[in-house]
Amino acid sequence: MEKEKQAGLVNSEELADYFCLTQRRVLQLTTDGVLHKTSENARRYNLKENVQAYVQYLQRKANGRSTVTEEELKKKKLEADIALKESQGELHQLKTAIASGQYISVEEVQMDYSKFFVTFKKFAMNLPARVIGLVSGQLDPTESRKLEKDLSQEINGMLDAFVVAGTDEKPVKEEKPKRGRPKKAPKG
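See below:
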């Protein structure tokens with residue numbers, strides 16, 4: 482310890498006492514590149530070199546000439562502050578819009594779409610019967626049933642191919658009951 486004092490080496494606490502600063506401020510000045518620790522002992526400062534460096538720093542600061550790194554840091558801090566204020570403004574606008582009812586939840590949208598498509602499918606599946614009802618007087622019953630079946634298959638195929646954007650679910654094919662009488666089980 483006495484050997485270090487003779488070599489002019491001091492720790493951050495002693496350097497803070499010489500400069501009438503806090504130890505934290507000395508460490509901050511070291512981080513900013515104003516003060517420099519010795520290369521041999523990373524916990525010690527060369528007193529003479531650091532007194533000169535600190536005096537130069539104070540002179541530059543008094544003359545209004547801060548270091549380039551300080552200017553860059555101030556500029557970056559200002560840009561970050563501006564970006565923060567802008568994002569806070571956007572967040573406030575979004576919260577206000579949500580509170581005023583301009584936005585609705587995803588679950589509510591999914592539920593509404595689900596209801597809409599169920600209603601739409603029922604409507605589309607009723608179209609063949611309605612069309613056949615309109616033209617039934619001009620077609621014989623066999624052709625009417627064939628046309629109704631063809632229209633139903635076409636609409637079913639289109640509905641199966643219809644995919645709502647954003648859903649990963651595959652369309653579920655509904656098994657429709659076969660027309661006619663069920664087959665009788667063999668007697669045995």
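Numbered by our numbering, the letters in the sequence shown go through residues 482 to 669 in order.
All residues carry an ideal CB built from backbone N, CA and C; glycine is no exception.
The structure presented is a predicted model; accordingly, all values stated were derived computationally and were not measured.
- As for any alpha helix (DSSP H) of minimum length 4 sitting wholly inside the region 497-570, the runs are 504-512 and 528-543, ordered along the chain.
- DSSP, read as helix, strand or coil, puts leucine 490 in strand.
- Counting C-beta atoms within 10 angstroms of its own C-beta, tyrosine 584 has fewer than 16 neighbours from the protein chains shown and is therefore classed as exposed.
- Rounded to the nearest angstrom, the Cβ distance from serine 493 to valine 507 is 5 Å, consistent with a contact under 8 Å.
- In this structure, leucine 640 sits near lysine 602, with a CB-CB distance shorter than 8 Å.
- Counting other Cβ atoms within 10 Å of its Cβ, tyrosine 526 reaches 16 or more and is therefore classed as buried.
- Around the C-beta of asparagine 531, 16 or more other C-beta atoms lie within 10 Å, and the residue is accordingly described as buried.
- Following the DSSP letters along the chain, one finds tyrosine 594 inside the alpha helix (DSSP H) bounded by residues 587-616.
- Between isoleucine 563 and leucine 608 the beta-carbon gap is near 59 Å, outside 8 Å, which marks them as no contact.
- Taking the CA atoms as reference points, glycine 614 sits about 35 Å from glutamine 591.
- Look at leucine 632 here: in three-state DSSP terms it is helix.
- Rounded to the nearest whole angstrom, the CA to CA distance from glutamine 537 to leucine 496 is 16 Å.
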